[in-house]
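Engineer: Mind looking over this structure? Questions follow.
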Amino acid sequence: MTQQLAAILPLEGLQSGGAGPLYLKLRQSLEEAILSGKLNHGDALPPERDLADYANISRVTVRKAVDDLVRDGLLVRRHGSGTFVVRPVSRVEQSLSRLTSFTEDMARRGLHARAEWLERGLFHPSPDEMMTLGLPADALVARLGRLRIADGMPLAIERASISTEFLPDPLAVTSSLYAALDKTRSRPVRAVQRISACNIKDPDASMLGVAVGAAGLSIERVSYLASGRVVEFTRSLYRGDAYDFVAELTLSES
Numbered sequence: 477m478t479q480q481l482a483a484i485l486p487l488e489g490l491q492s493g494g495a496g497p498l499y500l501k502l503r504q505s506l507e508e509a510i511l512s513g514k515l516n517h518g519d520a521l522p523p524e525r526d527l528a529d530y531a532n533i534s535r536v537t538v539r540k541a542v543d544d545l546v547r548d549g550l551l552v553r554r555h556g557s558g559t560f561v562v563r564p565v566s567r568v569e570q571s572l573s574r575l576t577s578f579t580e581d582m583a584r585r586g587l588h589a590r591a592e593w594l595e596r597g598l599f600h601p602s603p604d605e606m607m608t609l610g611l612p613a614d615a616l617v618a619r620l621g622r623l624r625i626a627d628g629m630p631l632a633i634e635r636a637s638i639s640t641e642f643l644p645d646p647l648a649v650t651s652s653l654y655a656a657l658d659k660t661r662s663r664p665v666r667a668v669q670r671i672s673a674c675n676i677k678d679p680d681a682s683m684l685g686v687a688v689g690a691a692g693l694s695i696e697r698v699s700y701l702a703s704g705r706v707v708e709f710t711r712s713l714y715r716g717d718a719y720d721f722v723a724e725l726t727l728s729e730s
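Here it is in structure tokens:
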């Protein structure tokens, strides 16, 4: 373990006589190891006891340095598993004036998008789904729950509800939902989105690779056909450290 730690954290930087608290020196050394690739995304951080023994500092000092990096999003604690490295995220700007799918949005940025299915099937609708989609109680609704990933980084959790009138077979959706709706001429042409700030809770935090309580964006989208019919009701949770939503405003004439 000592040899492994020496490759990650040279003692010279921690034992230098420069000014500054020990926890800050350890924090800077760990951050440098992450940014330089000595510690990679998904790697487990050595236990705090081992770090303290190796650097000859107190566990309180180690905990303070680790807490700082967790707060900055470079480390994440997973209950019962340990502390893990999180690759720094390049922020993504998404326009609020364009109605696009996640797959299309990532492709425009040259990012490889994929999804892990959390749920896909036909269900009896909830009261919210009945009211928003205009469904009777005896109808069925297609639900699609996905963890959305770009270039290996989990960015969002999407949970979409579609009337079976427009999507009779949810298994027909293999990548882009809007591409599947295109085939039944049911792709939405406009949408209303409500965006609110939130703190991400488990199990969503674990799926997104962020600390419990990390900042997130909760987005509710209701999408419409040209006829005015509601076709899509989607609730999404985005990482707050990864997304900027941008809206262009113009001066209206009074």
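Numbering (the numbering used here), first residue to last: 477 to 730. Ideal placement from N, C-alpha and C gives every residue a C-beta, glycine not left out. Quick caveat: nothing in here was measured; it's all calculated off a predicted structure.
So the candidates are Glu605, Val686, Val546; which of them puts its Cα closest to the Cα of Arg619?
Structural biologist: As a working mapping, residue 619 is identified with position 143 in the sequence shown. Comparing Cα-Cα distances from Arg619 to each of Glu605, Val686, Val546, the minimum goes to Glu605.
Engineer: Between the segment 673-690 and the segment 622-639, do at least 3 Cβ pairs fall closer than 8 Å?
Structural biologist: yes
Engineer: So, does the segment 589-598 touch the segment 663-674, judging by three or more C-beta pairs under 8 Å?
Structural biologist: no
Engineer: Who pairs with Thr439 in a beta bridge, going by DSSP?
Structural biologist: The displayed coordinates of the chain run from 477 to 730. Any statement about residue 439 would go beyond what the structure contains.
Engineer: With DSSP as the reference, label Arg535 as helix, strand or coil.
Structural biologist: In the sequence shown, residue 535 corresponds to position 59, counting from 1. Three-state result, Arg535: helix.
Engineer: Quick check: the Cα distance between Ser556 and Leu485, rounded to an integer number of angstroms?
Structural biologist: Translated into the one-based positions of the sequence shown, residue 556 becomes position 80. Translated into the one-based positions of the sequence shown, residue 485 becomes position 9. Contrary to the premise, residue 556 reads as Gly rather than Ser in this sequence. Put simply, the backbone Cα of Gly556 is about 25 Å away from that of Leu485.
Engineer: Rounded to whole angstroms, what's the CA-CA distance from Leu616 to Thr640? Just pull it up for me.
Structural biologist: Numbered from its first residue, the sequence shown carries residue 616 at position 140. Numbered from its first residue, the sequence shown carries residue 640 at position 164. One C-alpha to the other measures close to 6 Å.
Engineer: What separation, rounded to the nearest whole angstrom, lies between the Cα atoms of Ile676 and Ser703?
Structural biologist: The sequence position of residue 676 within the sequence shown is 200, counting from 1. The sequence position of residue 703 within the sequence shown is 227, counting from 1. Rounded to whole angstroms, Ile676 to Ser703 spans 36 Å at the Cα level.
Engineer: Look up Ser672 in the DSSP assignment and give the residues it is bridged to.
Structural biologist: As a working mapping, residue 672 is identified with position 196 in the sequence shown. Answer is Ser694.
Engineer: Once DSSP output is grouped into helix, strand and coil, what is the label at Leu630?
Structural biologist: Position 154 of the sequence shown, counted from the start, is the residue given in the question as residue 630. Looking at the sequence itself, residue 630 is Pro, so the reference to Leu does not match. Residue state, collapsed to three classes: strand.
Engineer: What's the call for Ala483, buried or exposed, on a 16-neighbour Cβ count within 10 Å?
Structural biologist: Taking the sequence shown and counting its residues from 1, the one referred to as residue 483 is at position 7. Result: exposed.
Engineer: How is Thr641 classed by DSSP in three states: helix, strand or coil?
Structural biologist: Start at 1 with the first residue of the sequence shown, and residue 641 comes out as number 165. Checking the displayed sequence, the identity of residue 641 turns out to be Glu instead of Thr. Residue state, collapsed to three classes: coil.
Engineer: Using the C-alpha atoms, what's the distance from Leu623 back to Leu693?
Structural biologist: Taking the sequence shown and counting its residues from 1, one reaches residue 693 at position 217. Taking the sequence shown and counting its residues from 1, one reaches residue 623 at position 147. The straight-line gap from Cα to Cα measures roughly 15 Å.
Engineer: Using DSSP with H/G/I as helix, E/B as strand and the rest coil, what is Asp614?
Structural biologist: What you label residue 614 is simply residue 138 of the sequence shown in a count that begins at 1. Of the three classes helix, strand and coil, the one that applies to Asp614 here is coil, per DSSP.
Engineer: Rounding to the nearest angstrom, what Cα-Cα distance links Leu647 and Val542 in this structure?
Structural biologist: Counted from its first residue, the sequence shown places residue 647 at position 171. Counted from its first residue, the sequence shown places residue 542 at position 66. Distance between the alpha carbons of Leu647 and Val542: 43 Å.
Engineer: Using DSSP's beta-bridge definition, name the partner residues of Ala667.
Structural biologist: Taking the first residue of the sequence shown as 1, we reach residue 667 at position 191. DSSP output for Ala667 lists Ser699 as bridge partner(s).
Engineer: Starting from Leu481, trace the beta strand (DSSP E) in both directions and tell me its first and last residue.
Structural biologist: Within the sequence shown, residue 481 is the residue found at index 5, counting from 1. Here Leu481 belongs to no beta strand (DSSP E); instead the alpha helix (DSSP H) covers 478-484.
Engineer: Quick check on the burial criterion: 16 or more other C-beta atoms within 10 angstroms. Buried or exposed for Arg525?
Structural biologist: On the sequence shown, residue 525 is found 49 positions in, with the first residue counted as 1. It counts as exposed.
Engineer: Please report the residue range of the beta strand (DSSP E) in which Asp604 lies.
Structural biologist: As a position in the sequence shown, residue 604 is number 128, starting the count at 1. Careful: Asp604 lies outside any beta strand (DSSP E), inside the alpha helix (DSSP H) at 603-609.
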